[in-house]
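**Q** Input: one structure, supplied below.
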Amino acid sequence: MDAELNEFQLQAVKSIEGAVLIIAGAGSGKTRVITYRIAHMLEKGIPQHAILALTFTNKAAREMQVRVKELTGKKLQSLTVSTFHAFGLSVLRDHIENAAVSQGENLATEQSVFSGYRKNFSIYDETDRVELIKESLRECRMASHKVDLYALGQLFSNIKTGRASWDGADIDGVSRNGEFEPVYNAYQEGLRVYNAVDFDDLLTLPLELLKENPDILKQYRSRFRYIMVDEFQDTSFLQYRLMRVLALGEDVPFSPEKKIRKKKAPDNANDAVTLPPGGIDAANVCVVGDDDQSIYSWRGANYENLLLFEKDFPGALEIKLEQNYRSTSTILEAANGVISHNANRKEKSLWSGNSGGKPVELFYPENESAEADFIASQIRHLRIMESFKNRDFGVLTRTNSLTRNIEEAFLAADIPYKISGGTSFFQRKEIKDIISYLKVIANPDDDVSLLRIINTPRRGIGKTSITALSTLARKNHSSLWDAVCRHCRSADAGQQHLFQDSKDSGDLDTFMNLIEFFRSEIIGRKSNPGQPWSLAGKVRALIDNIDYWSFLIVEHGKDEKKARWKFSNLEYFIRMIENWEKDPDNHDSGLYAWINRISLITRDDGEEDSDDKANIMTIHASKGLEFPVVFIAGAEKGIIPHERSLTENGDEAGTLEEERRLFYVAITRARKKLYITSCRNRRRLQSAVECAPSPFLEEIPPHLIEVHEPEPETEVDAETASKFMERLRARFKVE
DNA sequence: GCCCCCGCCACGCGT
DNA sequence: TGGCGGGGGC
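Per this note's numbering, the very first residue in the first sequence carries number 1407; after that it's consecutive.
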């Protein structure tokens, strides 16, 4: 091991006791250090279950797990490597039922954070949250108030996590003070009634739980004696507090603003304290980060956590990893040239032992399809001339929408690829519909999901029925499902109906029976004779039963191709379930586990990495990864830095710096060769718009750049031309 | 009362 | 491109 690490890396790997702060520049072998460090711990006899490694993204968590597995060759049964959110979820899952029980026994204790929650709770993503906010607005009779619902959701999130208060709360710069406080309260109430949590709850509830229950906290603290946090610069204050409470057994008793604005980190941070910080009882904590790669402030990342850490863990060992092993010196110089324009950063000197390297290639394609074609043709060229594999290529974009053209070009050029990050797959209507069925089957009180499917496919339960049901539900302070059940029962008993027309009652009855049937099939694990039970099989049966295929055909009337495409997405979805069920590392099968999982993952998590495929992703998603050849596409003004981020955020200078860090992250993903493309024109809002290059391009020292000349127009022969016309006609259905 | 069709709008990152 | 809300037809 010693031979494979430099002096500082080795120190980081071997310092497993006490508190350690590792400042790891881009490409400085951070992942290597973390994996070796875990391996070293295991070698020293520290049991797997005592180690908790927290990361920011699922991708990073998976990567870390795989690397440790490879390095140690051990089965990792009780090593915890997960995202903060997934960890929070597991804490909740492990304790919600116990809490419900003990609360029943001991009502004298204060209302627990869990009151009302059952183990089958749903997790609401942003879309679900918006639906619930809509409903809450209606409930408060404020539906007519003009607000951007996503911005309101953002405000609610800030309120919940303590990043904002009602006093002076604003939405897009317009002051709203306490205007939406009742809506927020209704929203919170809704979550309780529907047995649902949002993403913020996955952090706030576990924190509350640990604070309220010293016994539970003690259990966790005596288990997790070694805590590691990756991408520390991107952790939020809430995540920091969660880590801190696990490490020190106490929460931060003040708000971050007060703490940071009024006090500076002590100058004597490195003075004498030799005891483990926080007393003998403190866990061993290691955080790893790089302030230059902080790109998630919009999600609450609080990179001043670095200062908090220095204060809360006085005497922490600070190690800087400054040697870059990843990139050629050309690429590194380009990156340093860009990032040096940021005023607000820790000074560091990242250097590379690699010499030279090819220049950064800059290309100004005419439009986005020329850009995509250029990338595709370069890849084909490099595969042959320099024998790169598909997997060696990474195409990075600022936004998800920019990946589309690239994808098309890759399809046309027959380059296998995969797109990662982005929530798009699970947000597709057909996927979300089926997931909603599953969520309702798991947790019928989940109104948001229930409303999505109660009339999808059409089953004659329209607006009027739903209004009647929700009135009934509100009267009883219950969920819609509860109202459905009450209604059906009283209808059976011949008592008064909600509806004049008994046909509607029949429709409701059928729907209720459908859900109950699949509930017993799936939760009760009923298998058909001779066939083993499988979730995938049941999901397929469900899709057949509701005749979703016919629904798609009807929905897309003329467009059968689209219907087929959507159905193939569902097939893919079912295959995902199958693969997950087959996965030997997965020891928690069943519906709840599956739903929890997919609520937290993005498209390609869990997809096989072994295939040789080119990678297309956003810059955000690329953090922590590296590729021999990187293309940064759409390096235009307005895209990076992103126009909306500049105009909408109050703190313009800070935002610009974050966008610059984003560009820096993109550059530093490249090992050998970097291409940057900036279109002269781009289709936006249905018309072509002239584009200027990103201002960040000027920050790359010019001597590192080589401008790629456009390919000469190729002569088109008659045959190619007619084939092209044919395709055009087919595409636009010209007579 | 339900559903279909059309026109309108938006298109920043992701747990 | 695609999701949605409103208005009119059934």
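Where is the CB? At the ideal position from N, CA and C, for every residue including glycine.
Would you call the region 1612-1622 and the region 1443-1450 touching, i.e. three or more CB-CB distances under 8 Å?
**A** Judged by Cβ distances under 8 Å, the region 1612-1622 makes no contact with the region 1443-1450, as fewer than three pairs qualify.
**Q** Ile-1725 by DSSP, collapsed to three states: which one?
**A** Three-state DSSP puts Ile-1725 in a strand.
**Q** Rounded to a whole number of angstroms, what is the C-alpha to C-alpha distance between Gln-1471 and Lys-1436?
**A** Gln-1471 and Lys-1436: Cα-Cα distance of roughly 14 Å.
**Q** Below 8 Å between beta carbons: does that hold for Arg-2075 and Leu-2031?
**A** Closer than 8 Å, so yes.
**Q** Phe-1490 and Gln-1645: beta carbons closer than 8 Å?
**A** Contact flag set, yes.
**Q** Around the C-beta of Tyr-1978, are 16 or more other C-beta atoms found within 10 angstroms, so that it is buried, or is it exposed?
**A** Per the 10 Å Cβ criterion, exposed.
**Q** Please report the distance separating the alpha-carbon of Ser-1642 from that of Gly-1431.
**A** Distance between the alpha carbons of Ser-1642 and Gly-1431: 20 Å.
**Q** Among the candidates Ser-2051, Glu-1724 and Thr-1461, whose CA atom is the shortest distance from the CA of Lys-2029?
**A** The residue with the shortest Cα to Cα distance from Lys-2029 is Thr-1461.
**Q** Thr-1809: buried (16+ other C-beta within 10 angstroms of its C-beta) or exposed?
**A** With 16 or more Cβ atoms within 10 Å of its Cβ, Thr-1809 is classed as buried.
**Q** Beta carbon of Gly-1763, beta carbon of Thr-1736: below 8 Å?
**A** Contact: yes.
**Q** If we require 4 or more residues per run, which alpha helix (DSSP H) segments fall completely within the region 1418-1479?
**A** Taking only runs of at least 4 residues, the alpha helix (DSSP H) segments lying wholly in the region 1418-1479 are 1436-1449 and 1464-1478.
**Q** Helix, strand or coil for Met-1649 per DSSP?
**A** Residue state, collapsed to three classes: helix.
**Q** In angstroms with no decimal places, state the Cα-to-Cα distance between Leu-1997 and Phe-1493.
**A** Each residue's Cα considered, the two are about 19 Å apart.
**Q** Check each candidate in Asn-1992, Gly-2044, Leu-1555 and Tyr-2081 and name the one with the smallest Cα separation from Phe-1799.
**A** When only C-alpha atoms are compared, the closest one is Tyr-2081.
**Q** So, at 8 Å on beta carbons, what are the nonlocal neighbours of Gly-1510 in its own chain, with the 5 sequence-adjacent residues on each side left out?
**A** Confidence in Gly-1510 is poor, its pLDDT being 49 and thus under 50, which makes the residue's placement too unreliable to answer from.
**Q** Rounded to whole angstroms, what is the Cα-Cα separation between Cys-1894 and Arg-1834?
**A** Rounded to the nearest angstrom, the two C-alpha atoms are 32 Å apart.
**Q** On the DSSP bridge assignment, give the partners of Pro-2099 in chain order.
**A** For Pro-2099, which the question treats as bridged, DSSP gives the partners Glu-2042.
**Q** From Asn-1844 to Asp-1853, what distance separates their C-alpha atoms?
**A** Inspection of the sequence shows that residue 1844 is occupied by Leu rather than by Asn. Roughly 13 Å between the two C-alpha positions.
**Q** So, using beta-carbon positions, are Met-2023 and Ile-1825 closer together than 8 Å?
**A** A contact, by the Cβ cut-off of 8 Å.
**Q** Using three-state DSSP, classify Glu-1511 as helix, strand or coil.
**A** Only weak support exists for where Glu-1511 lies, its pLDDT of 46 falling under 50; the value from the coordinates is given anyway. Glu-1511 falls in the helix class under three-state DSSP.
**Q** Can you tell me the Cα-Cα spacing of Glu-1423 and Val-1497, whole angstroms?
**A** For Glu-1423 and Val-1497, the distance between alpha carbons rounds to 25 Å.
**Q** Cα separation between Gly-2151 and Ser-1855?
**A** This structure cannot settle anything about residue 2151, because the visible part of the chain is limited to 1407 through 2141.
**Q** Label Ile-1790 either buried or exposed according to how many other C-beta atoms from any shown protein chain fall within 10 Å of its C-beta, with 16 as the threshold for buried.
**A** Exposed.
**Q** Closest to Asn-1861 by CA distance: which of Thr-1877, Arg-1946 and Asp-1839 is it?
**A** Cα-wise, what sits closest to Asn-1861 is Asp-1839.
**Q** With respect to the beta strand (DSSP E) encompassing Gly-1943, which residues constitute its N-terminal and C-terminal limits?
**A** Segment 1941-1951 is the alpha helix (DSSP H) holding Gly-1943; no beta strand (DSSP E) there.
**Q** Take every Cβ of the region 1731-1751, pair it with every Cβ of the region 2059-2075, and state whether three or more of those distances are shorter than 8 Å.
**A** Yes, the region 1731-1751 touches the region 2059-2075.
**Q** So, with DSSP's three-state summary, where would you put Ser-1799?
**A** First, the residue type needs correcting, since residue 1799 is Phe and not Ser in the sequence shown. Three-state result, Phe-1799: strand.
**Q** Taking its Cβ as the centre, do 16 or more other Cβ atoms sit within 10 Å of Ser-1571, making it buried, or is it exposed?
**A** Ser-1571 should be labelled exposed.
**Q** Between the C-alpha atoms of Gln-1784 and Lys-1717, what's the straight-line distance to the nearest angstrom?
**A** Taking the straight line joining both Cα atoms gives about 50 Å.
**Q** Could you please give the first and the last residue of the uninterrupted alpha helix (DSSP H) stretch that includes Ala-1741?
**A** Element bounds for Ala-1741: 1735-1745.
**Q** Could you tell me the boundaries of the alpha helix (DSSP H) in which Leu-1609 lies?
**A** Looking at the DSSP string, the run of the alpha helix (DSSP H) that includes Leu-1609 is 1607-1618.
**Q** What would DSSP say about Met-2023, mapped onto helix, strand or coil?
**A** Note: Met-2023 maps to strand in three-state DSSP.
**Q** If we count Cβ pairs, one from each stretch, closer than 8 Å, do we get three or more for the region 1629-1639 versus the region 1601-1613?
**A** With the cut-off at 8 Å, the region 1629-1639 and the region 1601-1613 do not touch.
**Q** Grab the span of the beta strand (DSSP E) containing Arg-1705 for me, first residue to last.
**A** Looking at the DSSP string, Arg-1705 is not in any beta strand (DSSP E), and its letter there is neither H nor E.
**Q** Kindly list the residues whose CB is nearer than 7 Å to the CB of Ala-1778, restricted to its own chain and excluding five residues on each side of it in sequence; keep chain order.
**A** Closer than 7 Å at the Cβ level, and outside the excluded window around Ala-1778, lie Asn-1811, Ile-1812, Glu-1814 and Ala-1815.
**Q** Would you give the residue range spanned by the beta strand (DSSP E) that Leu-2080 belongs to?
**A** Leu-2080 -> beta strand (DSSP E) spans 2076-2083.
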